[in-house]
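Participant:
In the UniProt record's numbering, the protein residues as written are 1 to 338.
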(Lines of atoms letter the chains of each structure in order from A; the text may use other names.)
(Lines give C-alpha, C1' and ligand atoms only; values in the text may rest on other atoms or scores of the structure.)
Protein backbone atom coordinates (compact mmCIF):
# COMPACT_ATOMS: atom_id res chain seq x y z
CA UNK A 1 0.00 0.00 0.00
CA UNK A 2 1.26 3.45 -0.89
CA UNK A 3 1.66 5.29 2.47
CA UNK A 4 0.75 8.57 0.75
CA UNK A 5 -2.68 7.27 -0.26
CA UNK A 6 -5.49 6.45 2.11
CA UNK A 7 -7.23 3.18 2.90
CA UNK A 8 -11.02 3.35 2.77
CA UNK A 9 -12.75 0.67 4.86
CA UNK A 10 -16.41 0.40 3.89
CA UNK A 11 -18.27 -1.00 6.88
CA UNK A 12 -15.19 -0.57 9.07
CA UNK A 13 -17.38 -0.02 12.13
CA UNK A 14 -19.22 -3.36 11.79
CA UNK A 15 -18.52 -6.71 13.49
CA UNK A 16 -15.67 -7.77 11.19
CA UNK A 17 -14.73 -4.27 10.06
CA UNK A 18 -13.88 -3.16 13.60
CA UNK A 19 -11.12 -5.76 13.89
CA UNK A 20 -9.70 -4.73 10.52
CA UNK A 21 -9.81 -1.03 11.41
CA UNK A 22 -8.10 -1.54 14.76
CA UNK A 23 -5.31 -3.64 13.21
CA UNK A 24 -4.69 -0.97 10.54
CA UNK A 25 -4.87 1.99 12.95
CA UNK A 26 -1.34 3.14 12.09
CA UNK A 27 -2.32 3.72 8.46
CA UNK A 28 -4.18 6.71 7.06
CA UNK A 29 -7.79 5.51 7.26
CA UNK A 30 -11.20 6.56 6.01
CA UNK A 31 -14.22 4.83 7.54
CA UNK A 32 -17.12 4.74 5.11
CA UNK A 33 -20.74 3.79 5.69
CA UNK A 34 -24.30 5.05 5.93
CA UNK A 35 -24.48 5.64 9.69
CA UNK A 36 -22.31 8.61 10.61
CA UNK A 37 -23.15 8.44 14.33
CA UNK A 38 -22.13 4.78 14.64
CA UNK A 39 -18.81 5.50 12.93
CA UNK A 40 -18.17 8.48 15.22
CA UNK A 41 -18.93 6.44 18.35
CA UNK A 42 -16.61 3.64 17.25
CA UNK A 43 -13.73 6.03 16.48
CA UNK A 44 -14.15 7.82 19.81
CA UNK A 45 -14.40 4.59 21.80
CA UNK A 46 -11.23 3.14 20.23
CA UNK A 47 -9.44 6.54 20.15
CA UNK A 48 -8.64 6.13 16.47
CA UNK A 49 -7.41 8.74 14.03
CA UNK A 50 -9.63 8.21 11.00
CA UNK A 51 -11.71 10.29 8.64
CA UNK A 52 -15.43 9.59 8.28
CA UNK A 53 -17.14 9.35 4.91
CA UNK A 54 -20.91 8.97 4.66
CA UNK A 55 -21.52 6.63 1.75
CA UNK A 56 -24.20 4.26 0.50
CA UNK A 57 -22.54 1.19 -1.03
CA UNK A 58 -25.58 0.74 -3.28
CA UNK A 59 -25.27 4.27 -4.71
CA UNK A 60 -21.64 5.36 -4.56
CA UNK A 61 -20.42 8.85 -5.35
CA UNK A 62 -17.02 7.92 -6.81
CA UNK A 63 -15.71 11.44 -6.25
CA UNK A 64 -15.35 10.35 -2.60
CA UNK A 65 -12.56 7.99 -3.65
CA UNK A 66 -10.13 10.78 -4.52
CA UNK A 67 -6.70 10.13 -2.91
CA UNK A 68 -7.79 6.60 -1.93
CA UNK A 69 -5.24 3.94 -2.84
CA UNK A 70 -6.92 0.94 -1.28
CA UNK A 71 -10.53 -0.08 -0.62
CA UNK A 72 -11.54 -2.80 1.84
CA UNK A 73 -15.21 -3.82 1.65
CA UNK A 74 -16.87 -5.41 4.70
CA UNK A 75 -20.49 -5.22 3.52
CA UNK A 76 -22.44 -7.03 0.81
CA UNK A 77 -22.95 -5.40 -2.59
CA UNK A 78 -25.50 -5.90 -5.34
CA UNK A 79 -23.38 -4.79 -8.31
CA UNK A 80 -19.74 -4.68 -9.38
CA UNK A 81 -19.50 -0.93 -10.07
CA UNK A 82 -17.06 -0.31 -7.21
CA UNK A 83 -14.61 -3.05 -8.14
CA UNK A 84 -14.79 -1.96 -11.80
CA UNK A 85 -14.04 1.65 -10.78
CA UNK A 86 -11.08 0.51 -8.67
CA UNK A 87 -9.76 -1.60 -11.54
CA UNK A 88 -9.93 1.32 -14.00
CA UNK A 89 -8.32 3.79 -11.60
CA UNK A 90 -5.49 1.74 -10.12
CA UNK A 91 -7.09 1.44 -6.67
CA UNK A 92 -6.34 -1.84 -4.91
CA UNK A 93 -9.44 -3.68 -3.68
CA UNK A 94 -10.18 -6.35 -1.08
CA UNK A 95 -13.54 -7.94 -0.26
CA UNK A 96 -14.43 -10.11 2.75
CA UNK A 97 -17.74 -11.27 1.25
CA UNK A 98 -18.74 -14.95 1.44
CA UNK A 99 -21.30 -14.48 -1.35
CA UNK A 100 -20.49 -17.02 -4.08
CA UNK A 101 -22.71 -15.33 -6.67
CA UNK A 102 -20.97 -11.98 -6.15
CA UNK A 103 -17.45 -13.44 -6.34
CA UNK A 104 -18.48 -15.24 -9.53
CA UNK A 105 -19.68 -11.91 -10.98
CA UNK A 106 -16.27 -10.35 -10.32
CA UNK A 107 -14.44 -13.30 -11.86
CA UNK A 108 -16.46 -12.91 -15.06
CA UNK A 109 -15.55 -9.23 -15.49
CA UNK A 110 -13.11 -8.18 -18.19
CA UNK A 111 -10.75 -6.29 -15.91
CA UNK A 112 -7.98 -3.96 -17.09
CA UNK A 113 -5.55 -5.32 -14.51
CA UNK A 114 -4.29 -1.95 -13.24
CA UNK A 115 -4.83 -2.88 -9.58
CA UNK A 116 -4.83 -5.87 -7.22
CA UNK A 117 -8.25 -7.41 -6.57
CA UNK A 118 -8.16 -9.72 -3.53
CA UNK A 119 -11.12 -12.06 -2.95
CA UNK A 120 -11.97 -14.86 -0.53
CA UNK A 121 -10.67 -13.39 2.74
CA UNK A 122 -11.96 -14.61 6.10
CA UNK A 123 -12.96 -17.94 7.58
CA UNK A 124 -14.88 -19.52 4.68
CA UNK A 125 -13.63 -18.58 2.17
CA UNK A 126 -10.17 -17.84 3.52
CA UNK A 127 -8.91 -20.17 6.21
CA UNK A 128 -10.80 -23.09 4.65
CA UNK A 129 -9.02 -22.47 1.32
CA UNK A 130 -5.59 -22.35 2.96
CA UNK A 131 -6.23 -25.57 4.87
CA UNK A 132 -7.62 -27.30 1.79
CA UNK A 133 -4.56 -26.33 -0.27
CA UNK A 134 -2.28 -27.55 2.54
CA UNK A 135 -4.23 -30.83 2.56
CA UNK A 136 -3.70 -31.21 -1.20
CA UNK A 137 0.06 -30.72 -0.68
CA UNK A 138 0.08 -33.37 2.05
CA UNK A 139 -2.11 -35.89 0.22
CA UNK A 140 -1.86 -35.13 -3.51
CA UNK A 141 -3.55 -38.36 -4.65
CA UNK A 142 -6.82 -37.76 -2.74
CA UNK A 143 -9.60 -36.74 -5.11
CA UNK A 144 -12.79 -36.30 -3.06
CA UNK A 145 -12.18 -33.75 -0.32
CA UNK A 146 -14.75 -32.59 2.24
CA UNK A 147 -14.53 -29.23 4.00
CA UNK A 148 -16.50 -29.11 7.25
CA UNK A 149 -17.06 -25.87 9.14
CA UNK A 150 -18.44 -25.92 12.69
CA UNK A 151 -19.54 -22.56 14.08
CA UNK A 152 -20.16 -21.71 17.71
CA UNK A 153 -23.79 -20.86 18.45
CA UNK A 154 -22.66 -18.56 21.25
CA UNK A 155 -20.89 -16.02 19.04
CA UNK A 156 -22.63 -12.75 18.26
CA UNK A 157 -22.43 -12.46 14.49
CA UNK A 158 -22.82 -9.28 12.47
CA UNK A 159 -26.03 -8.43 10.62
CA UNK A 160 -24.57 -9.18 7.18
CA UNK A 161 -23.33 -12.64 8.23
CA UNK A 162 -26.69 -13.50 9.81
CA UNK A 163 -28.61 -12.37 6.73
CA UNK A 164 -26.33 -14.28 4.36
CA UNK A 165 -26.69 -17.50 6.38
CA UNK A 166 -30.48 -17.29 6.67
CA UNK A 167 -30.85 -16.47 2.97
CA UNK A 168 -28.75 -19.46 1.96
CA UNK A 169 -30.83 -21.92 3.95
CA UNK A 170 -33.58 -21.46 1.36
CA UNK A 171 -31.52 -21.21 -1.85
CA UNK A 172 -30.48 -24.13 -4.04
CA UNK A 173 -27.02 -23.93 -5.57
CA UNK A 174 -24.97 -25.61 -8.27
CA UNK A 175 -22.12 -28.01 -7.44
CA UNK A 176 -19.57 -29.25 -9.96
CA UNK A 177 -20.42 -32.94 -9.44
CA UNK A 178 -23.61 -33.05 -7.36
CA UNK A 179 -25.46 -30.69 -9.71
CA UNK A 180 -28.37 -28.67 -8.32
CA UNK A 181 -28.13 -29.03 -4.53
CA UNK A 182 -30.63 -28.17 -1.84
CA UNK A 183 -28.78 -26.91 1.27
CA UNK A 184 -28.67 -29.05 4.42
CA UNK A 185 -29.55 -32.35 2.73
CA UNK A 186 -26.18 -34.16 2.42
CA UNK A 187 -24.85 -35.33 5.79
CA UNK A 188 -21.29 -35.50 7.12
CA UNK A 189 -19.58 -35.73 10.49
CA UNK A 190 -16.26 -35.16 12.19
CA UNK A 191 -14.76 -36.32 15.46
CA UNK A 192 -12.34 -33.97 17.17
CA UNK A 193 -11.75 -32.48 20.62
CA UNK A 194 -13.28 -35.71 22.04
CA UNK A 195 -16.63 -34.87 20.50
CA UNK A 196 -18.66 -35.75 17.41
CA UNK A 197 -20.02 -32.94 15.25
CA UNK A 198 -22.54 -33.25 12.43
CA UNK A 199 -22.61 -31.06 9.34
CA UNK A 200 -24.61 -30.69 6.12
CA UNK A 201 -23.87 -29.30 2.67
CA UNK A 202 -24.00 -25.51 2.36
CA UNK A 203 -23.23 -22.95 -0.34
CA UNK A 204 -19.89 -21.59 0.85
CA UNK A 205 -17.89 -20.13 -2.01
CA UNK A 206 -14.65 -21.86 -0.98
CA UNK A 207 -15.73 -25.14 -2.62
CA UNK A 208 -16.41 -23.38 -5.92
CA UNK A 209 -13.08 -21.53 -5.84
CA UNK A 210 -11.18 -24.73 -5.06
CA UNK A 211 -13.02 -26.80 -7.66
CA UNK A 212 -12.10 -24.16 -10.22
CA UNK A 213 -8.45 -24.17 -9.12
CA UNK A 214 -7.87 -27.93 -8.77
CA UNK A 215 -9.49 -29.51 -11.81
CA UNK A 216 -8.62 -33.06 -10.71
CA UNK A 217 -10.25 -32.71 -7.25
CA UNK A 218 -13.82 -32.50 -5.99
CA UNK A 219 -14.42 -30.26 -2.95
CA UNK A 220 -17.71 -30.12 -1.04
CA UNK A 221 -18.33 -27.81 1.93
CA UNK A 222 -20.53 -28.62 4.92
CA UNK A 223 -21.86 -26.47 7.78
CA UNK A 224 -22.62 -27.48 11.36
CA UNK A 225 -22.81 -25.94 14.83
CA UNK A 226 -21.12 -26.64 18.15
CA UNK A 227 -24.52 -27.67 19.52
CA UNK A 228 -25.28 -30.83 17.53
CA UNK A 229 -28.93 -30.74 18.58
CA UNK A 230 -29.28 -27.44 16.66
CA UNK A 231 -27.59 -28.88 13.56
CA UNK A 232 -29.87 -31.94 13.55
CA UNK A 233 -32.94 -29.79 14.25
CA UNK A 234 -32.14 -27.61 11.22
CA UNK A 235 -31.74 -30.72 9.07
CA UNK A 236 -35.19 -32.02 10.03
CA UNK A 237 -36.76 -28.57 9.78
CA UNK A 238 -35.39 -28.35 6.26
CA UNK A 239 -36.46 -31.90 5.36
CA UNK A 240 -40.02 -31.23 6.56
CA UNK A 241 -40.16 -27.90 4.72
CA UNK A 242 -40.24 -25.67 7.80
CA UNK A 243 -37.21 -23.62 6.71
CA UNK A 244 -39.32 -22.32 3.84
CA UNK A 245 -41.10 -20.30 6.51
CA UNK A 246 -38.02 -18.04 6.54
CA UNK A 247 -39.53 -16.45 3.44
CA UNK A 248 -42.16 -14.99 5.78
CA UNK A 249 -40.84 -11.58 6.93
CA UNK A 250 -42.02 -11.93 10.55
CA UNK A 251 -40.45 -15.36 11.00
CA UNK A 252 -37.26 -14.16 9.26
CA UNK A 253 -37.02 -11.23 11.72
CA UNK A 254 -37.53 -13.60 14.67
CA UNK A 255 -34.70 -15.83 13.39
CA UNK A 256 -32.45 -12.78 13.03
CA UNK A 257 -33.14 -11.75 16.63
CA UNK A 258 -32.37 -15.25 17.94
CA UNK A 259 -29.02 -15.26 16.16
CA UNK A 260 -28.18 -11.72 17.28
CA UNK A 261 -28.68 -12.66 20.93
CA UNK A 262 -27.52 -16.27 21.36
CA UNK A 263 -28.40 -18.05 24.60
CA UNK A 264 -26.43 -21.29 24.14
CA UNK A 265 -23.12 -22.45 22.72
CA UNK A 266 -19.61 -21.00 22.59
CA UNK A 267 -17.65 -18.77 20.21
CA UNK A 268 -15.51 -21.63 18.88
CA UNK A 269 -15.00 -22.38 15.20
CA UNK A 270 -13.60 -25.64 13.82
CA UNK A 271 -12.50 -26.41 10.27
CA UNK A 272 -11.92 -29.97 9.07
CA UNK A 273 -10.46 -30.99 5.71
CA UNK A 274 -11.13 -34.67 5.17
CA UNK A 275 -10.73 -37.42 2.60
CA UNK A 276 -11.34 -40.96 3.78
CA UNK A 277 -9.44 -41.38 7.05
CA UNK A 278 -7.03 -38.56 6.34
CA UNK A 279 -7.86 -35.21 7.92
CA UNK A 280 -6.51 -31.82 8.86
CA UNK A 281 -8.17 -29.80 11.63
CA UNK A 282 -7.94 -26.21 12.82
CA UNK A 283 -9.83 -24.46 15.57
CA UNK A 284 -9.96 -21.09 17.22
CA UNK A 285 -12.36 -18.61 18.83
CA UNK A 286 -14.33 -15.53 17.79
CA UNK A 287 -14.91 -15.87 14.05
CA UNK A 288 -15.51 -12.13 13.58
CA UNK A 289 -12.21 -11.21 15.21
CA UNK A 290 -10.35 -13.92 13.27
CA UNK A 291 -11.79 -12.72 9.96
CA UNK A 292 -10.77 -9.15 10.79
CA UNK A 293 -7.23 -10.21 11.71
CA UNK A 294 -6.69 -12.28 8.60
CA UNK A 295 -8.09 -9.48 6.44
CA UNK A 296 -5.82 -6.89 8.09
CA UNK A 297 -2.75 -9.12 7.70
CA UNK A 298 -3.66 -9.69 4.05
CA UNK A 299 -4.02 -5.94 3.52
CA UNK A 300 -0.55 -5.31 4.93
CA UNK A 301 0.96 -7.95 2.65
CA UNK A 302 -0.68 -6.42 -0.40
CA UNK A 303 1.99 -3.71 -0.23
CA UNK A 304 4.46 -6.24 -1.68
CA UNK A 305 5.47 -4.74 -5.06
CA UNK A 306 6.24 -8.21 -6.47
CA UNK A 307 2.59 -9.27 -6.27
CA UNK A 308 0.86 -9.53 -9.63
CA UNK A 309 -2.05 -7.26 -10.49
CA UNK A 310 -5.48 -8.59 -11.27
CA UNK A 311 -7.54 -11.09 -9.26
CA UNK A 312 -5.77 -12.68 -6.29
CA UNK A 313 -6.78 -15.28 -3.72
CA UNK A 314 -5.66 -15.57 -0.12
CA UNK A 315 -3.07 -18.26 -0.92
CA UNK A 316 -1.33 -15.79 -3.25
CA UNK A 317 -0.26 -13.67 -0.29
CA UNK A 318 -0.30 -15.82 2.85
CA UNK A 319 -0.01 -19.48 3.85
CA UNK A 320 -1.38 -21.52 6.72
CA UNK A 321 2.00 -21.66 8.49
CA UNK A 322 2.05 -17.84 8.70
CA UNK A 323 -1.25 -17.94 10.58
CA UNK A 324 -0.37 -20.92 12.77
CA UNK A 325 2.93 -19.32 13.85
CA UNK A 326 1.33 -15.95 14.69
CA UNK A 327 0.06 -15.98 18.30
CA UNK A 328 -2.32 -13.15 17.48
CA UNK A 329 -4.58 -15.55 15.56
CA UNK A 330 -4.74 -18.12 18.39
CA UNK A 331 -5.26 -20.93 15.87
CA UNK A 332 -4.52 -24.60 16.64
CA UNK A 333 -3.77 -27.14 13.90
CA UNK A 334 -3.88 -30.92 14.08
CA UNK A 335 -3.48 -33.56 11.39
CA UNK A 336 -4.66 -37.15 11.49
CA UNK A 337 -3.89 -39.95 9.04
CA UNK A 338 -4.84 -43.61 9.39
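Backbone N, C-alpha and C fix where the C-beta goes; we use that ideal spot for every residue, glycine too.
What distance in whole Å lies between the Cβ atoms of residue 96 and residue 291, which are believed to be in contact at a cut-off of 8 Å?
Facilitator: For this step, residue 291 is matched to residue 291 along the chain shown. For this step, residue 96 is matched to residue 96 along the chain shown. Confirmed, Cβ separation roughly 6 Å.
Participant: Looking at the strands, I want to know which residues DSSP matches up with residue 190.
Facilitator: The sequence position of residue 190 within the chain shown is 190, counting from 1. BP columns for residue 190 point to 197.
Participant: For a test of the three-state rule: what should DSSP assign to residue 288, helix, strand or coil?
Facilitator: Counting from one through the chain shown, the residue named residue 288 turns up at place 288. Three-state DSSP puts residue 288 in a helix.
Participant: On the DSSP bridge assignment, give the partners of residue 283 in chain order.
Facilitator: Position 283 of the chain shown, counted from the start, is the residue given in the question as residue 283. As DSSP reads the structure, residue 283 sits in a beta bridge with 270 and 332.
Participant: Ordered along the chain, which non-local residues of its own chain (more than five positions away) have a Cβ less than 6 Å from that of residue 256?
Facilitator: One-based indexing of the chain shown puts residue 256 at position 256. The answer, listed in chain order, is 162.
Participant: Report buried or exposed for residue 277, applying the criterion of at least 16 other Cβ atoms within 10 angstroms of its Cβ.
Facilitator: Taking the chain shown and counting its residues from 1, one reaches residue 277 at position 277. Label assigned to residue 277: exposed.
Participant: Is there contact between the region 148 to 168 and the region 268 to 275, where contact requires at least three CB pairs shorter than 8 Å?
Facilitator: yes
Participant: In this structure, what does DSSP give as the bridge partners for residue 70?
Facilitator: As a position in the chain shown, residue 70 is number 70, starting the count at 1. In the DSSP output, where bridge partners are listed per residue, residue 70 has 7 and 92.
Participant: Between residue 346 and residue 296, is the Cβ-Cβ spacing less than 7 Å?
Facilitator: No answer is possible for residue 346: the residues shown for the chain start at 1 and end at 338.
Participant: Per the DSSP calculation, residue 275 is bridged to which residue(s)?
Facilitator: Sequence index remark: in the chain shown, residue 275 carries index 275 (1-based). 278.
Participant: Taking buried to mean at least 16 other C-beta atoms within 10 Å of its own C-beta, is residue 144 buried or exposed?
Facilitator: To locate residue 144, count along the chain shown from 1; it is residue 144. Flag for residue 144 reads exposed.
Participant: Applying the criterion that 16 or more other CB atoms from any shown protein chain within 10 Å of the CB defines a buried residue, is residue 201 buried or exposed?
Facilitator: Position 201 of the chain shown, counted from the start, is the residue given in the question as residue 201. Buried, since its Cβ has 16 or more Cβ neighbours within 10 Å.
Participant: Kindly identify the DSSP beta-bridge partner or partners of residue 207.
Facilitator: What you label residue 207 is simply residue 207 of the chain shown in a count that begins at 1. Note: residue 207 sits in no beta bridge, so no partner.
Participant: Which residues in the same chain as residue 129 place their Cβ atom closer than 8 Å to its Cβ, once the five residues preceding and following it in sequence are excluded?
Facilitator: Position 129 of the chain shown, counting from 1, holds the residue named residue 129. The residues are 120, 206, 209, 210, 313, 314 and 315.
Participant: Please go through the same chain and pick out, in chain order, the residues whose beta-carbon is closer than 8 Å to the beta-carbon of residue 36, but skip the five residues on each side of it.
Facilitator: Taking the chain shown and counting its residues from 1, one reaches residue 36 at position 36. Cβ neighbours of residue 36 beyond the five flanking positions: 52 and 54.
Participant: By the three-class DSSP mapping on this structure, what secondary structure does residue 17 have?
Facilitator: The sequence position of residue 17 within the chain shown is 17, counting from 1. Residue 17: helix per DSSP, three-state reduction.
Participant: So if DSSP puts residue 173 in a beta bridge, which residue, or which two residues, is it bridged to?
Facilitator: Translated into the one-based positions of the chain shown, residue 173 becomes position 173. Partner(s): 181.
Participant: Going straight from the alpha carbon of residue 231 to that of residue 189, what length do you get?
Facilitator: What you label residue 231 is simply residue 231 of the chain shown in a count that begins at 1. What you label residue 189 is simply residue 189 of the chain shown in a count that begins at 1. In a straight line, the C-alpha of residue 231 is about 11 Å away from that of residue 189.
Participant: Please state the DSSP three-state secondary structure of residue 303.
Facilitator: Position 303 of the chain shown, counted from the start, is the residue given in the question as residue 303. Three-state result, residue 303: coil.
Participant: Quick check on residue 124: buried or exposed, where buried means 16 or more other Cβ atoms within 10 Å of its Cβ?
Facilitator: Counted from its first residue, the chain shown places residue 124 at position 124. Residue 124 is buried by the Cβ-count criterion.
Participant: Around the Cβ of residue 138, are there at least 16 other Cβ atoms within 10 angstroms (buried) or fewer (exposed)?
Facilitator: Reading the chain shown from its first residue, position 138 is the one you call residue 138. In this structure residue 138 is exposed. Its beta-carbon is surrounded by fewer than 16 other beta-carbon atoms within 10 angstroms.
Participant: Which whole-angstrom value describes the C-beta separation of residue 75 and residue 160, a residue pair presumed to lie in contact below a C-beta threshold of 8 Å?
Facilitator: Within the chain shown, numbered from 1, the residue matching residue 75 stands at position 75. Within the chain shown, numbered from 1, the residue matching residue 160 stands at position 160. Sure, about 6 Å apart at Cβ, within 8 Å.
Participant: Tell me residue 222's beta-bridge partners as DSSP assigns them.
Facilitator: Taking the first residue of the chain shown as 1, we reach residue 222 at position 222. According to DSSP, which records beta bridges pairwise, residue 222 is partnered with 148 and 201.
Participant: My output table needs one value for residue 251: the three-state DSSP class, helix, strand or coil.
Facilitator: In the chain shown, counting from the first residue as 1, residue 251 sits at position 251. In the structure shown, residue 251 sits in a helix (DSSP, three-state: H, G or I).
Participant: For residue 91, which option in 167, 310, 27 and 334 has the closest C-alpha, if you only look at C-alpha atoms?
Facilitator: On the chain shown, residue 91 is found 91 positions in, with the first residue counted as 1. Comparing Cα-Cα distances from residue 91 to each of 167, 310, 27 and 334, the minimum goes to 310.
Participant: At least one CB of chain C closer than 7 Å to the CB of residue 286: is that the case?
Facilitator: This model lacks chain C altogether, as it is built from one protein chain only.
Participant: Below 8 Å, can you find three or more Cβ-Cβ pairs linking the region 173 to 193 to the region 104 to 122?
Facilitator: The region 173 to 193 makes no contact with the region 104 to 122: fewer than 3 CB pairs, one atom from each, lie closer than 8 Å.
Participant: Quick one: measure Cβ to Cβ for residue 7 and residue 29, integer angstroms, because I've assumed they're closer than 8 Å.
Facilitator: Taking the first residue of the chain shown as position 1, residue 7 is located at position 7. Taking the first residue of the chain shown as position 1, residue 29 is located at position 29. About 5 Å separates the two Cβ atoms, so the contact holds.
Participant: Let me check understanding here. Comparing Cα to Cα, which of 318, 286 and 300 lies closest to residue 331?
Facilitator: For the purposes of this step, residue 331 is identified with residue 331 of the chain shown, where counting begins at 1. Among 318, 286 and 300, the Cα nearest to that of residue 331 belongs to 286.
Participant: Just how far apart, CA to CA, sit residue 239 and residue 185?
Facilitator: If you number the chain shown from 1, residue 239 lands on position 239. If you number the chain shown from 1, residue 185 lands on position 185. Residue 239 and residue 185: Cα-Cα distance of roughly 7 Å.
Participant: By DSSP, does residue 314 sit in helix, in strand, or in coil?
Facilitator: Numbered from its first residue, the chain shown carries residue 314 at position 314. Helix, per DSSP.
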